[in-house]
Every structure is written in C-alpha cells, then in structure tokens.
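Report on one structure; see the data block that follows.
In this note's numbering, the protein residues as written are 103 to 253.
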C-alpha cells in the first residue's frame, strides 16, 4: 500500500516513525504491523503481541456524514480580511469598529424595513477578531444603556 507515518505518544513528538506496509505479492522487507480499533500498533514478528504505546493514528473508518460536515465547515470557514484602516498587528480597534458597524447597519436597515442580511458580514468579521468576553460585555452594556459607542 504505502508508508504509514505514525507519531508515538511520547514526550518528543517532533520525530516521525515510518513503517513500510507490504503490498500483495511484494517481498516482506520488515515485519508487518497490526493496528487494532483502539489505535494500538503491535508487531507480528516472533510471536510479539505486546501492545506498543498508543499512537496518534486513527484507523477507524470515518462516516460520510462526519467528513461532509468537516469539509463543509472548512469550505465555509472565513476569517476577517485585511483592512487598510488597521494595518498594525493589534486588531482591537478593527474588532470594535466592526462591532459598531454591525449594530449601526442593523439599526439603519431595520428602520427602513429592509433585509439585514448585508450586516452579517460585519458580524462575521467581529466574531473572528473579538474575544467573546468583550462581545458579551458590550452586549450587556447595550442592554443596560451604558455602551460607550454611538450606534
């Protein structure tokens, strides 16, 4: 088949161990390995059946639903794009500005009885940039009427 790269569960995880797997009809160059459903690797040579340390290799079959949802999440995953107004590493102002813009957009479009879907872009950006503790604090301040920004 192919070489399987396994990272043993040890303190130094930077080293990868490669075990060649024999294809049908090929001569055996090394002892074949068995991987059980719990993730343990054991060698089949000289009656060796002692289990080796658990490895970071998931050999259990993945269901189609699980892979579909992961692929779908990766496809839809987006982070905040570059904004020339905030070129520095510190993105605090960018976070706060997008939070304000989301609420201003929501307020303006709601007042005109229009769809507020365009405002979701600002929400996606501030959720990507802002710590959730800040967002919940700001939401509480808006409810209490003590929010410092102009919405």
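In this text, a Cβ means the ideal position worked out from N, Cα and C, and glycines have one as well.
No experiment lies behind these values; they were computed from the predicted model shown.
Judged by DSSP in its simplified three-state form, residue 214 adopts coil rather than helix or strand. In terms of Cβ geometry, residue 225 and residue 204 form a close pair [threshold 8 Å]. Sequence-distant Cβ neighbours of residue 202 in its own chain, meaning closer than 6 Å and more than five residues away, are 251. Rounded to whole angstroms, residue 207 and residue 244 show a C-alpha spacing of 15 Å. A direct Cα-to-Cα measurement between residue 237 and residue 175 gives close to 23 Å. Of the residues 190, 200, 179, 216, the one whose Cα lies closest to the Cα of residue 240 is 200. Boundaries of the alpha helix (DSSP H) harbouring residue 241: 234–246, taken from the DSSP string.
In this structure residue 232 touches residue 197 by the C-beta definition: roughly 4 Å separates them, less than 8 Å.
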